[in-house]
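Position 217 of the sequence shown, counted from 1, bears residue number 555 in this note's numbering, the numbering being contiguous throughout.
The C-beta atom is built at its ideal place from N, Cα and C for all residues, glycine as well.
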Amino acid sequence: MVHRESWMPAEAAPVLASLGDPRVKPELPACQLEIATSVHRDVADAVAELRTCRELVATACAPDLALVAAPVHPLVEGPTALSPTEHAAGLSARYRDVISRQLVSSLQVHLAFGDADCTLSVYHALRDLLPELTALAACAPFTAGRDAGLCSVRPVVASQLPRQGVPPIITSWHQYAEDLNWAVQGGAVANASEWWWELRPHLRYGTLELRVLDVQATTAQTSAIARFVHALGARLADLHHLGRLEPPAPTWRIAENRWSALRDGVRGELLDLRTGEVRPTRRRLHHLIDTTEPYAPGSLDDVRAMVEHPPVEHLRALGPERVVPWLAEVFTV
339 MVHRESWMPA EAAPVLASLG DPRVKPELPA CQLEIATSVH RDVADAVAEL RTCRELVATA
399 CAPDLALVAA PVHPLVEGPT ALSPTEHAAG LSARYRDVIS RQLVSSLQVH LAFGDADCTL
459 SVYHALRDLL PELTALAACA PFTAGRDAGL CSVRPVVASQ LPRQGVPPII TSWHQYAEDL
519 NWAVQGGAVA NASEWWWELR PHLRYGTLEL RVLDVQATTA QTSAIARFVH ALGARLADLH
579 HLGRLEPPAP TWRIAENRWS ALRDGVRGEL LDLRTGEVRP TRRRLHHLID TTEPYAPGSL
639 DDVRAMVEHP PVEHLRALGP ERVVPWLAEV FTV
């Protein structure tokens, strides 16, 4: 939430209180809110609910306030005020000043497979593809009013905290439970919600939660990416049942590709995780889209359009001073 006069952060609590909708929740920064849709089998229904929630919050705002969906605030870099919640106070006590610098926002997509073995296999397959998804969704070039030289600076900001980036290999659900137990009992984390990797099993919902995606400015862009991810999950589950998924790749190799993806977006290059062959990221994404499209309910041409005309380039053309008003204008589109 921002002030229209300065386009700087504004406190979200009064709007949240007046709205009283359980789908719209306070986030860690006092200026930030989270929209959590219900469970849906169809992506179109989930996106329709997201659009409705965006419209509800926008309507609840005073005339001098606006809402923007941005992975980071393009004009802000330093610490921001935290929400006056027990959760925020606990994180602040453990992570000090770093936690107040986490004015970041991602598009989080949950996928449910209904089978423990399949879920773990797809976890590792999606883990390999985190760089491609990073490149596709990257739309955060600005910080502190300047171009950071990256297509997404959000992961760099988030990396000030532990348990960020490429998640570890999970050899079994037993090992995962042991790791969480070790971290909680030792006080490294308060609970499983602080397993902040860019992909994680979600214990409460029994899903895989994909957290690598930059939040998108519009619901139309959100729809394109969510439909692609949903279809990709279905394709990977099918490959699991056919016994055709590769063993998990080493973490550092995925991390190397991830750095290229957040730096260069779809205009960069990625290494094959097994052979080391270098290929343009656009070509890898087009191949991934082509092989995934049969699992989608319709065409993925809108995803192809994002590869050919990445949203980050439109943001760069606007520049940091003009991008926040534009983000406010398209919030409900």
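Item: Closest residue to VAL414 among VAL668, GLU667, VAL662 (Cα-Cα distance); Value: VAL662
Item: Where the alpha helix (DSSP H) through HIS462 begins and ends; Value: 454 to 466
Item: Own chain residues within Cβ distance below 8 Å of GLU393, not counting five before or after; Value: THR670
Item: Option in VAL668, TRP664, LEU653, LEU665 with minimal Cα separation from ASP485; Value: LEU653
Item: Under the three-state DSSP convention, the category ASP552 falls into; Value: strand
Item: LEU617 versus VAL604 - alpha carbon distance; Value: The residue asked about is misnamed: residue 617 is Arg in this sequence, not Leu. For ARG617 and VAL604, the distance between alpha carbons rounds to 11 Å.
Item: At least three beta-carbon pairs within less than 8 Å, the stretch 474 to 481 to the stretch 553 to 569; Value: yes
Item: Beta strand (DSSP E) segments (min. 3 residues) lying fully within the stretch 502 to 585; Value: 537 to 540, 545 to 552
Item: Inter-residue Cα distance where the pair is TRP664 and GLY657; Value: 10 Å
Item: Backbone CA spacing between LEU366 and ALA643 [nearest angstrom]; Value: 34 Å
Item: Separation of VAL522 from GLY503, as counted between CA atoms; Value: 20 Å
Item: Whole-Å CB distance - LEU388 paired with THR375, under 8 Å assumed; Value: 6 Å
Item: Any 3 or more C-beta pairs closer than 8 Å across the stretch 348 to 356 and the stretch 398 to 411; Value: yes
Item: MET339, buried or exposed, once every other Cβ within 10 Å from all chains shown has been counted against 16; Value: buried
Item: Collapsed DSSP secondary structure at HIS425 in the structure displayed; Value: helix
Item: Given 8 Å, three or more beta-carbon pairs between the stretch 569 to 584 and the stretch 443 to 459; Value: yes
Item: In DSSP terms, what ASP485 is bridged to; Value: PHE480
Item: Contacts around ARG596, its chain only, beta-carbon distance under 7 Å, and the 5 residues preceding and following it disregarded; Value: LEU468, PRO469, THR472, GLY503, VAL504
Item: Per-residue burial, THR509 [other beta carbons within 10 Å of its own, 16 or more giving buried]; Value: exposed
Item: GLU667, DSSP secondary structure in three states; Value: helix
Item: Distance between ILE437 and ARG538 (C-alpha atoms, nearest Å); Value: 21 Å
Item: Buried versus exposed call for ARG492 [16 or more other C-beta atoms within 10 Å across all chains shown]; Value: buried
Item: Cβ neighbour criterion (16 or more within 10 Å) applied to LEU488; Value: buried
Item: Own chain partners of GLN446 with C-beta closer than 8 Å, once the 5 adjacent residues on each side are dropped; Value: GLU547, LEU548, ARG549, LEU551
Item: Assigned secondary structure, ALA404 (DSSP; H/G/I helix, E/B strand, else coil); Value: strand
Item: For VAL442: DSSP bridge partner residues; Value: VAL410
Item: GLU387 - containing alpha helix (DSSP H), residue span; Value: 381 to 398
Item: Pairwise C-alpha distance: ILE507 and THR589; Value: 8 Å
Item: One or two residues paired with GLU372 in a DSSP bridge; Value: LYS363
Item: Best match in HIS448, HIS425, HIS625, GLU349 for proximity to VAL527 [C-alpha to C-alpha]; Value: HIS425
Item: Whole-Å CB distance - VAL553 paired with PRO409, under 8 Å assumed; Value: 6 Å
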